[in-house]
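Residue numbers (the numbering used here): 39 to 219.
C-beta: ideal position from N, C-alpha, C; glycine also.
Nothing here was measured: the structure is a model prediction, and the numbers come from that model.
So, in structure tokens, the structure goes:
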């Protein structure tokens with residue numbers, strides 16, 4: 039029996055169609071079991087994508103964060119998946135993602151300055167979408183791969199360097215004009 043590390047990966051697979059953004063996995067991410075020693079995390083990500091028959095529909099894959107959860111280190115990825123049409127026609131379980139989600143769910147519980155944050159799954163997803171928004175401002179190949187539809191839907195997700203635990207509910211954001219070339 040192969041030994042395993044206490045590492046798992048999760049993928050938040052998102053589609054942008056003409057209506058908006060959709061989490062095609064439903065209400066949660068796709069998660070792995072333990073990542074075998076002889077595989078790297080990206081190999082495990084590819085295995086999960088293959089299990090879900092993503093194939094050449096993958097536009098961008100981006101590692102967004104990690105966290106400790108139930109004795110494991112969870113490596114988080116967000117995946118931009120190409121949709122040939124309306125997301126719900128291809129993925130009936132797809133759940134809509136609105137920029138209003140952050141305001142609706144509020145901030146996570148405050149954490150002491152030396153404490154370990156415990157983000158909710160919705161925080162992880164929103165953080166990943168803010169990463170994608172940041173990539174549209176700073177990463178030419180990712181921006182090109184995502185395309186205009188993605189860029190339009192991601193405009194409402196202001197990249198946040200920090201602020202998820204800021205109270206009152208006013209995140210610190212990047213001024214996109216500073217990043218203009």
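ask   = In terms of DSSP beta bridges, what is residue 120 paired with?
value = Answer by DSSP bridge pairing: none, since residue 120 is not bridged.
query = So, using beta-carbon positions, are residue 184 and residue 118 closer together than 9 angstroms?
reply = yes
request  = May I have the straight-line CA-CA distance separating residue 219 from residue 176, to the nearest angstrom?
outcome  = Confidence at residue 219 is low in this model, with a pLDDT of 46, below 50, so the placement of that residue should be treated as unreliable; the coordinate-derived value is given next. Approximately 10 angstroms, taken between the alpha carbons.
query = Shortest alpha-carbon distance to residue 100 belongs to which of 189, 51, 59, 154?
reply = 51
request  = Indicate the three-state DSSP secondary structure (helix, strand or coil) for residue 129 in the structure shown.
outcome  = coil
query = To the nearest angstrom, how far is it from the Cα of residue 110 to the Cα of residue 72?
reply = 9 angstroms
query = Would residue 123 be called buried (16 or more neighbouring beta carbons within 10 Å of its own) or exposed?
reply = exposed
inquiry  = For the beta strand (DSSP E) containing residue 86, name the first residue and the last one.
reply    = Looking at the DSSP string, residue 86 is not in any beta strand (DSSP E); the run it does join, the alpha helix (DSSP H), is 79 to 89.
key: CA nearest to the CA of residue 59, picked from 102, 48, 108, 139   = 139
query = How is the alpha helix (DSSP H) around residue 162 delimited, first residue to last?
reply = 159 to 176
Alpha-carbon to alpha-carbon, residue 105 and residue 154 = 9 angstroms
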